[in-house]
Amino acid sequence: MHCVKQLLEDGYTVRGTVRNLQNSAKISPLLALKYSSERLELVEADLEHAEDWPSVLDGCDYILHVASPWPIIADENTVKVAVEGTINILKVAAKIPTIKKIVLTSSCSAINGMQF
């Protein structure tokens, strides 16, 4: 949410993805942000569904990939979904000529030992 808030305040138009547009607990804070009614578009997309991403990324200039499913205790499938989801986004982005830059963030999960 911090990234979306900062981008909106800096004048960017943001197309954000959510897994479920009906989940008001997750979306309401985003819709309450200053400038959200003017410059925020939320669309449904799932990291596990590569077919979602061409229409989501079409027309975008930048990608900030800041979310990935990551429970406290991850199993091999969680890692697989996170990695393959990121690869899906990168493959689609490589085919879209308007994309200028991709930023991949990480989390505290990257510095902790993983136990399966």
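For the sequence shown, the working numbering begins at 144 and goes up steadily by one.
Glycine is no exception: its CB is placed at the ideal position from the N, C-alpha and C atoms.
Discussion item. Which residues does DSSP list as the beta-bridge partners of ILE232?
Written reply: DSSP lists no partner for ILE232.
Item to complete: For LEU174, name the three-state secondary structure that DSSP assigns.
Response: helix
Worksheet item: Going by Cα to Cα distance, which pick from LEU151, TYR205, THR248, GLU191 is closest to LYS223?
Response: The shortest C-alpha separation from LYS223 is found at GLU191.
Worksheet entry | ALA168, buried or exposed, once every other Cβ within 10 Å from all chains shown has been counted against 16 | Residue environment: ALA168 is assigned as exposed (fewer than 16 neighbouring CB atoms within 10 Å of its CB, all protein chains considered).
Item to complete: Check the C-beta distance from ILE230 over to ILE206 and give it rounded, since I have them as a contact under 8 angstroms.
Response: Wrong, their Cβ atoms sit about 13 angstroms apart, outside the cutoff.
Item to complete: Could you please give the first and the last residue of the uninterrupted alpha helix (DSSP H) stretch that includes GLU308?
Response: Coverage of the chain is limited to positions 144 through 259, which leaves residue 308 absent and any answer about it impossible.
Practice prompt. Please go through the same chain and pick out, in chain order, the residues whose beta-carbon is closer than 7 angstroms to the beta-carbon of THR156, but skip the five residues on each side of it.
Written response: Answer for THR156: ARG182, listed in chain order.
Worksheet item: Would LEU199 pass as a contact of ARG158 if the rule is Cβ separation under 8 angstroms?
Response: The sequence shown places Val at residue 199, rather than the Leu named in the question. Yes, Cβ-Cβ distance for VAL199 and ARG158 is below 8 angstroms.
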